[in-house]
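Here the protein sequences come in this chain order: A and B. Take the first sequence: its position 158, counted from the start at 1, is 157 in numbering that gives the first Met the number 0, and no numbers get skipped. Take the second sequence: its position 112, counted from the start at 1, is 111 in numbering that gives the first Met the number 0, and no numbers get skipped.
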Amino acid sequence: MFSIIQQNVVRFLLLTALQVMVISNLNLSPFLVPNILPLFILLLPFSIPRWMLMLIGFFSGVIADIFLGTLGFNAAAGLLVAYIRPFIINLITPKGAEFEQSPNIFSQGFTWFLIYLSIAVLIHHSFYLLIESGTFYNIILLLTRIILSSILSLAFMFIGLYLFSVKKRRIN
Amino acid sequence: MYNLVRFLIRYHLLMLFLLLEAFSFYLIFKKSKFHSATFLNTSNALNGAVFNTYNDITSYFYLRKSNDSLVAENAALRAMLLQSKYSGDVDTFSQTDSIAPKLIQRFVYFPAKVIRNSTDNANNILYIDKGSLQGIHHQMGVICRNGIVGQVVDVSDNYSAVMSVLNKDFKVSAKIKKNNYFGNLHWSGVNASSAKMDEIPKHVPVVKGDTIVSSGYSSLFPENVMIGIVENVKSEVDKPFMHVDVKLSTNFRNLDFVYVVKDLQRSEISKLDSVTIKANK
């Protein structure tokens, strides 16, 4: 139905809008600052060249930053996720496994996706919250924020994945 | 040279990564002056419209609550009017005569509405719907009916960015109301309702429940604006100062209407200030 580019553009717009309009305004607790933006980078096609992946990660972060008033933070964290994504995929994928064009929760399975997203989100949130606090001074607070926020972000991401991936399988 | 080229080709991805990462950090460190201005410029076109609509919708849910507290505030202000005061003096004429001509307006207040707020980040900034066209300037204090809110850090035509008390860079001169000892107050960095004062000498009698108000030493806030209540006092043996934990009276989680404070005598004070600084050099 959609081309792969249209699909990703729509996903980017949806995720950014959701983060800017809803999730950043939740103000749940200082320990829960979820961020679903890395999901966009993590769902880009496998075959995308690494330099392009990094540029997309960087600029999608900049666009979100402009609306969130946090210029630089999401760009730096998004870029990091884009840079390490191929390493994570190599690390957790069995040799010789053949995948579809893009990561999809129904073709790779729940376990693969859980490990994939957990590693990436944990790295993203650690980096993001560390540069945001700018110091190691309150390390316990920082670690609690990272772990609890990552769990909540992952929950949001999986809800989104199950809501939107079902349709995709039916079309294929 | 050949080795350098080979090195660059071999590590071009890492180079690109480091380059872009360096650029992001450049943006982050430059932001204190720059980021909110950029945000506000885009906000005029898009964010302003979007967040105003968003706020128009969500504010309906809190309408009753904010009406109630506005009415309560009006009642409190009405009680402070001179008409409401009873004077024990027999000669009321001399009282009005001696006081009235000497009073000059020093602070004026602009009402504004919060259109975007955050409480859970390491540096919280909120945005209000008044800007330079409405008379808001850089470095004006912002208060609400319960206490202090922050300081204007950036203005665009119709919107302003306010560094809230919940920000690492925010400092305000505060004093203990009952004995006028003063010190800097800053955010404790964890939750939206607690702050710290670190410069109170040990001999000062301060106990849990004492009121902390603004000192009036800066042009940001008038004197005696409520800041909070002392929650805990810690003193260490080898340090000359006490740690005073303050529970902020402002509830940052449901801010709606705020007042921007304008000091009409600010330029006079800062002129005097620059003269004394020059004289001391």
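Even for Gly, the Cβ is constructed at its ideal location relative to N, Cα and C.
- [ ] Would you mind sorting P239(B) into buried or exposed? The rule is 16 or more other CB atoms within 10 Å of its CB.
- [x] exposed
TODO: Drop a sphere of 10 angstroms on the beta-carbon of P33(A), count the other beta-carbons inside from all chains shown, and report buried for 16 or more, exposed for fewer.
DONE: buried
Open item on the list: On the DSSP bridge list, what partners appear for S284(B)?
Closed with: Examination of residue 284(B) is not possible in this model, given that chain B is present from 0 through 280 alone.
TODO: For E20(B), go through chain A and note every residue whose CB falls closer than 8 angstroms to its CB, in chain order.
DONE: A75, L78, L79
Open item on the list: Is P29(A) close to chain B? Criterion is C-beta to C-beta, closer than 9 angstroms.
Closed with: yes
TODO: Just tell me which of K233(B), H137(B), L12(B) has its CA closest to the CA of K207(B).
DONE: K233(B)
TODO: Check whether the Cβ atoms of K167(B) and N122(B) sit closer than 9 angstroms, and answer yes or no.
DONE: yes
TODO: Using the Cα positions of M156(A) and K246(B), report the straight-line distance between them to the nearest angstrom.
DONE: 36 angstroms
- [ ] For V32(A), return the contacting residues in chain B, with the cut-off set at a CB-CB distance below 8 angstroms.
- [x] D119, N120
Task: chain A contacts from the region 177 to 200 of chain B (Cβ-Cβ distance under 9 angstroms) - done: G188, V189, N190, A191
Open item on the list: Whole angstroms are fine: how far does the CA of Q5(A) sit from the CA of K167(A)?
Closed with: Bear in mind that the predicted position of K167(A) carries a pLDDT of just 48, short of 50, making it too unreliable to give a figure here.
Task: Contact list for N26(A) against chain B, beta-carbon separation under 8 angstroms - done: N116, S117, T118, D119, R252
- [ ] Say whether chain B places a C-beta atom closer than 9 angstroms to the C-beta of Y82(A).
- [x] yes
Open item on the list: Three or more C-beta pairs under 8 angstroms: does that hold for the region 60 to 71 of chain A against the region 15 to 26 of chain B?
Closed with: yes
Task: Top-ranked residue by Cα proximity to G188(B), from L62(B), D119(B), H242(B) - done: D119(B)
Open item on the list: Please tell me whether M20(A) and Y1(B) are closer than 9 angstroms, where the distance is taken between their beta carbons.
Closed with: no
Task: Distance, L67(A) Cα to F256(B) Cα - done: 22 angstroms
Open item on the list: What would DSSP say about V236(B), mapped onto helix, strand or coil?
Closed with: coil
- [ ] Can you tell me which of the three DSSP states S58(B) falls into?
- [x] helix
- [ ] Report yes or no: do three or more beta-carbon pairs, one from the region 209 to 219 of chain B and one from the region 158 to 177 of chain B, lie closer than 8 angstroms?
- [x] yes
Open item on the list: For chain B, check one thing: does any of its Cβ atoms lie closer than 9 angstroms to the Cβ of I130(A)?
Closed with: yes
Task: Beta-bridge pairing of S131(B) - partner residues as DSSP gives them - done: Answer by DSSP bridge pairing: none, since S131(B) is not bridged.
Open item on the list: Please tell me whether L7(B) has its Cβ less than 9 angstroms away from any Cβ of chain A.
Closed with: no
- [ ] Take the Cβ of A96(A) as the centre, count every other Cβ of all protein chains shown within 10 Å, and call the residue buried at 16 or more, exposed below.
- [x] exposed
Open item on the list: Rounding to the nearest angstrom, what Cα-Cα distance links A16(A) and Y10(B) in this structure?
Closed with: 35 angstroms
Task: Integer Cβ distance of Y158(B) from I127(B), believed to fall under 8 angstroms - done: 7 angstroms
TODO: Report the rounded CA-to-CA distance for L18(B) versus F86(A), giving the unit in angstroms.
DONE: 20 angstroms
TODO: Give a yes or no on whether 9 angstroms exceeds the smallest Cβ distance from V152(B) to chain A.
DONE: no
TODO: Please check if any C-beta of chain B sits within less than 9 angstroms of the C-beta of T69(A).
DONE: yes
Open item on the list: So S159(B) contacts chain A; which residues on that side make the cut at Cβ distance below 7 angstroms?
Closed with: Within chain A, no residue comes near S159(B); the closest Cβ sits about 13 angstroms away, beyond 7 angstroms.
Task: Spatial neighbours of F112(A) in its chain, beta-carbon cut-off 6 angstroms, leaving aside the 5 residues before and after - done: I104
Task: Top-ranked residue by Cα proximity to P221(B), from V107(B), F28(B), K29(B) - done: V107(B)
TODO: Below 8 angstroms on the Cβ atoms is my guess for I228(B) versus S248(B); work out the distance and round it to an integer in Å.
DONE: 7 angstroms
- [ ] Assign N250(B) to one of two classes, buried (16 or more other C-beta atoms within 10 Å of its C-beta) or exposed (fewer than that).
- [x] exposed
Open item on the list: Please classify S193(A) as buried or exposed, where buried requires at least 16 other C-beta atoms within 10 Å of its C-beta.
Closed with: Chain A is shown only over 0 to 171; residue 193(A) falls outside these bounds and no answer can be derived.
Task: Straight-line Cα distance separating L129(A) from T143(A) - done: 12 angstroms
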